[in-house]
Amino acid sequence: DDPHKPLFNRAVCGQYPPGSSINPFIAAAALTEGVITPATTIMSTGSISVPNQYNPNVVYTFHDWKAEGHGIVNVVKALAESVNTFFYTVGGGYGNNKGLGIDRMKDYLETFGFGKESGIDLMGESSGTVPDPLWKKEVLQESWGLGDTYNVSIGQGNLLVTPMQLAQGYAMLANGGMLMRPYLVKETKNADGAVVLQNSPRIMRESVIDRKNLNTIRKGLREAVLSGTAQRLKDLPVAVAGKTGTAQAGQDK
């Protein structure tokens, strides 16, 4: 009955908006689909404005975390500095860039292990949520809008992941593109010492990301440590890559 839920296994049961920690997977989808290349740049000025399709006098503004913007940004810098406006553009489209759109984003996020159980040998694992227009209509009885697509592209809105799914996804980026089934128990034995259950590494999906595109993503995650939002890791005795993720979450009172 403790409101802080000390017995709740947040690693596999907790579902949270990932914030910018979802960026590498959106970038991987955009690179794979040819929506961007490593050389594609956008000008980040701190926000983008989109007029209502039915009433041009109503304009919606989507902000970056950095009010003055990040200047000219490619995918490596966008990953290093968590540039929201870059991912709005590659996710939902803006100007001449059509973006991935929610259907392709959902397909890729599910390919990368989000929106489904990881298969870890623990009970009660949550699957998370990768929303789309059908989900919003069925669950919230609301229509999907461009703002929903923008929110998913930066890990906000109704996108929910478990810490285990993020760990599984980042392991895939680190190991060369293999989505592995996580497990905790190597083996169990009966009272006579005979092995009754044995786990071993199992590849759930192989070559999820093309090697060239994966190297671009990894370069961005390394740059996050060297010059971006994860510089606190720069002084470690080994070279590391990483990603920060800050999300807004809460409830009405």
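Read left to right, the sequence shown gives residues 920 to 1172 (the numbering used here). Where is the CB? At the ideal position from N, CA and C, for every residue including glycine.
Item	Value
Considering only residues of the stretch 982 to 1067, which uninterrupted alpha helix (DSSP H) runs meet the minimum length of 4 residues and lie entirely inside it, listed in chain order?	994 to 1000, 1003 to 1011, 1021 to 1030 and 1052 to 1059
Short of 6 Å in beta carbon distance, which residues of its chain neighbour M1123, apart from the five on each side in sequence? Order them along the chain.	L1098 and R1100
Taking only three categories from DSSP, how would you classify Q1117?	strand
Please report the straight-line C-alpha distance between T1107 and I1039, rounded to a whole angstrom.	16 Å
How is P1101 classed by DSSP in three states: helix, strand or coil?	coil
Among the candidates I1021, L926, P936 and D921, whose CA atom is the shortest distance from the CA of P1082?	P936
Excluding the 5 residues flanking T1008 on each side, which residues of the same chain have their C-beta closer than 7 Å to its C-beta?	I961, N1016 and G1018
If you drop the 5 nearest sequence neighbours on each side, which residues of the same chain put their C-beta closer than 6 Å to that of R929?	none
Classify S1126 as buried or exposed, calling it buried when 16 or more other Cβ atoms lie within 10 Å of its own Cβ.	exposed
First and last residue of the beta strand (DSSP E) that includes V969?	S966 to P970
Going by Cα to Cα distance, which pick from F1031, F1006, N971 and G1014 is closest to A946?	F1006
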